[in-house]
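According to our numbering, the sequence shown is numbered sequentially starting from 15. Just so it is clear, CB atoms sit at the ideal spot from N, CA and C, and this is done for glycine as well. Note that the structure is a prediction, hence the values are computed from the model and not measured. Have a look at the structure below before the remarks.
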Amino acid sequence: MLNVLMFAIDENVYFSYQPYPHFTMRKHSILEYPTFAPSFPNMHGQPLIVMPDQSHPRTIVYRNNRTGALVLTGSVGRFVRTLAWKLNATLQYPVPIVPGRVLHSVELQAIADDMAIDVPAGMVELTDSEQLSRAPYPFELTHICLMIPLANDIPLKDIYLYLNSASNILIALSIIYSYGLVLALHKCHVEQKDARLVDFLLNDAALRGLFGLPFRLANNASACCRLIYVILGVMGLNLNCIYNAHLGTMLTHPPQQPQPRTYTDVRQAGLPLAIHEHDLDIAKDMHLRLLPLNSSELNRLRDNMNTSNVYLCTRIHWSLYSAQQQYFARELFIFSPDACYSQLSLLSFQMPNNSWLVEPMNELIMDVRANGIFQYWLERHFFDMAAAGLVSFKDLSPARNYGGALQLAHLQWIWYAYIILLSIAFCIFVMEIAFNHIRLHRN
Numbered sequence: 015m016l017n018v019l020m021f022a023i024d025e026n027v028y029f030s031y032q033p034y035p036h037f038t039m040r041k042h043s044i045l046e047y048p049t050f051a052p053s054f055p056n057m058h059g060q061p062l063i064v065m066p067d068q069s070h071p072r073t074i075v076y077r078n079n080r081t082g083a084l085v086l087t088g089s090v091g092r093f094v095r096t097l098a099w100k101l102n103a104t105l106q107y108p109v110p111i112v113p114g115r116v117l118h119s120v121e122l123q124a125i126a127d128d129m130a131i132d133v134p135a136g137m138v139e140l141t142d143s144e145q146l147s148r149a150p151y152p153f154e155l156t157h158i159c160l161m162i163p164l165a166n167d168i169p170l171k172d173i174y175l176y177l178n179s180a181s182n183i184l185i186a187l188s189i190i191y192s193y194g195l196v197l198a199l200h201k202c203h204v205e206q207k208d209a210r211l212v213d214f215l216l217n218d219a220a221l222r223g224l225f226g227l228p229f230r231l232a233n234n235a236s237a238c239c240r241l242i243y244v245i246l247g248v249m250g251l252n253l254n255c256i257y258n259a260h261l262g263t264m265l266t267h268p269p270q271q272p273q274p275r276t277y278t279d280v281r282q283a284g285l286p287l288a289i290h291e292h293d294l295d296i297a298k299d300m301h302l303r304l305l306p307l308n309s310s311e312l313n314r315l316r317d318n319m320n321t322s323n324v325y326l327c328t329r330i331h332w333s334l335y336s337a338q339q340q341y342f343a344r345e346l347f348i349f350s351p352d353a354c355y356s357q358l359s360l361l362s363f364q365m366p367n368n369s370w371l372v373e374p375m376n377e378l379i380m381d382v383r384a385n386g387i388f389q390y391w392l393e394r395h396f397f398d399m400a401a402a403g404l405v406s407f408k409d410l411s412p413a414r415n416y417g418g419a420l421q422l423a424h425l426q427w428i429w430y431a432y433i434i435l436l437s438i439a440f441c442i443f444v445m446e447i448a449f450n451h452i453r454l455h456r457n
């Protein structure tokens, strides 16, 4: 604490101390102004001990290839460097820093409690009122949501199921039965011939016309019958053209499966939530399958865009991944605002008890936010990651095999339908022979 004053009872003076560059006591008149120390005292090059958590993109530590010196960057890293510059201090690490070794907030706090650290350079979510006494003004206001893999294309073999859906089959049957009914009524009332039920259910002309196949037209057919056949032929031609165009489009550009966006969708898709082993408590209300990991393994899976899991992601993290996905042939993840753990999260530094740095940090945080410097730091995240070699410009999206030849596996459902229908036809044929045999035997 810097603002500690000692007043003399019988004299109009007070005493204060100056910790930098050496501890000295000073005597002041009670009328002297200002009474308290400035917000940014001059540390005269004394060390400011900082421990970075290396949770990128906020805190990035890498070694400069030319000078060999460690570089601290990222929004939190730049803030700490600016704080040291304002205090005229020298950045110093309590232990040798290994670039790439990520510390969770719990691990960082444990190190800060064991060692004399001035600034734990890492963000902690403010969820408890007890944290406020040790935290400066919130450095970052964000929301934390799920980063969900983009839905895959449906398999080629399922395209035929999609085209032959129940609604499409009902429409086709409605057209067949409508024309079958019209032709049966025409045969009964206009041609004065007997119409049977099979003429309505399995009308040969209606079936052939719907599938675009030729059918025989009687020479003595009436004008009304010819008009019905013309309409039927035109409709069959249009339906076949539309179906072929739809099939060709879906084979070359398959549609996507339903995209998970909510917790319920993620549960139905069976995607596990990859989460840090210290954060299991915050995910208990999500009712998702959890995959606990350490810091390094979690960052490796998320940075490599592993689409086997979903991940908790802040808006700042998503801006980084979104910029990286611009170099891909297709996106791999979406940021779902419908599956948010927190719509407003306050992130700040967790300082040691009674730290005199809280006041200068409060003033600096408000200054960098008010003047747009914080937003500039956020926009530099992707470039900082690229300079540290932590961003891969390799296209991580799987290649799409367009224009490949169809294989037997792609016709799986067609073969199943063919075998089932052929079996049904064979059973009906056998039953018809057996029925006729029994009827002849009785006669």
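Check	Outcome
Helix, strand or coil at Phe396 [DSSP, three-state]	helix
Cut-off 8 Å between Cβ atoms - residues of its own chain near Ser8, not counting five sequence neighbours on either side	The structure shown does not extend to residue 8, since the chain is modelled only from 15 to 457, so the question has no answer here.
Within the segment 279 to 340, ranges of the alpha helix (DSSP H) (whole runs, at least 4 residues)	309 to 317 and 329 to 339
Beta-bridge pairing of Met137 - partner residues as DSSP gives them	Per DSSP, none; premise fails for Met137.
Pro228, DSSP secondary structure in three states	coil
Span separating the alpha-carbon of Gly91 from that of His301	35 Å
Distance between beta carbons of Gln123 and Pro134, contact taken as under 8 Å	7 Å
Same chain, Cβ closer than 7 Å to Asn367, five either side skipped, listed in chain order	Arg148
Any C-beta of chain D under 8 Å from that of Asn78	No chain D appears in the structure shown, which is made up of a single protein chain.
CB contact flag (Phe214, Ala198, <8 Å)	yes
CB contact flag (His292, His118, <8 Å)	yes
Integer Cβ distance of Met65 from Tyr107, believed to fall under 8 Å	7 Å
Residue environment, Arg72, which counts as buried when at least 16 other CB atoms sit within 10 Å	buried
Residue from Ile242, Val109, Ser143 and Val27 whose Cα sits closest to the Cα of Ile189	Ile242
Beta-carbon gap between Met365 and Pro152 smaller than 8 Å	no
Residue from Ala220, Ala431 and Leu261 whose Cα sits closest to the Cα of Val244	Ala220
Reduced DSSP secondary structure (H/G/I, E/B, other) of Thr73	coil
Alpha-carbon to alpha-carbon, Asp352 and Thr276	5 Å
Beta-ladder partner(s) of Ile428, from DSSP	Note: Ile428 sits in no beta bridge, so no partner.
Buried or exposed (CB count within 10 angstroms, at least 16 for buried), Gln68	buried
Gln270 beta carbon less than 8 Å from that of Asn166	yes
Cβ-Cβ distance between Leu294 and Val324 below 8 Å	no
Bridge partners - Leu360, DSSP secondary structure assignment	Leu155
Nearest-angstrom beta carbon gap, Val138 and Leu361 [assumed within contact, 8 Å]	7 Å
Collapsed DSSP secondary structure at Ile245 in the structure displayed	helix
The alpha helix (DSSP H) enclosing Leu86, as first and last residue numbers	Note, Leu86: premise wrong, no alpha helix (DSSP H); beta strand (DSSP E) at Leu84 to Thr87.
Pro61 - containing beta strand (DSSP E), residue span	Pro61 to Pro66
Paired residues, beta bridge with Pro163 - DSSP	Phe347
For Gln123, the first and last residue of its enclosing beta strand (DSSP E)	Gln123 -> not in any beta strand (DSSP E); alpha helix (DSSP H) instead, spanning Ser119 to Asp128.
Cβ pair count under 8 Å reaching 3, the segment 368 to 388 against the segment 312 to 332	no
Sub-8 Å separation of Tyr257 and Trp427 beta-carbons	no
Rounded Cβ spacing between Tyr193 and Gly223 (contact assumed at less than 8 Å)	7 Å
Residues of its chain near Pro61, where Cβ-Cβ distance is below 6 Å and the 5 sequence neighbours each way are ignored	Thr104 and Gln106
Rounded straight-line distance, which links the Cα of Asp381 to that of Gly284	46 Å
Burial state of Tyr341, where buried means 16 or more other Cβ atoms lie within 10 Å	exposed
Three-state secondary structure assigned by DSSP to Tyr390	helix
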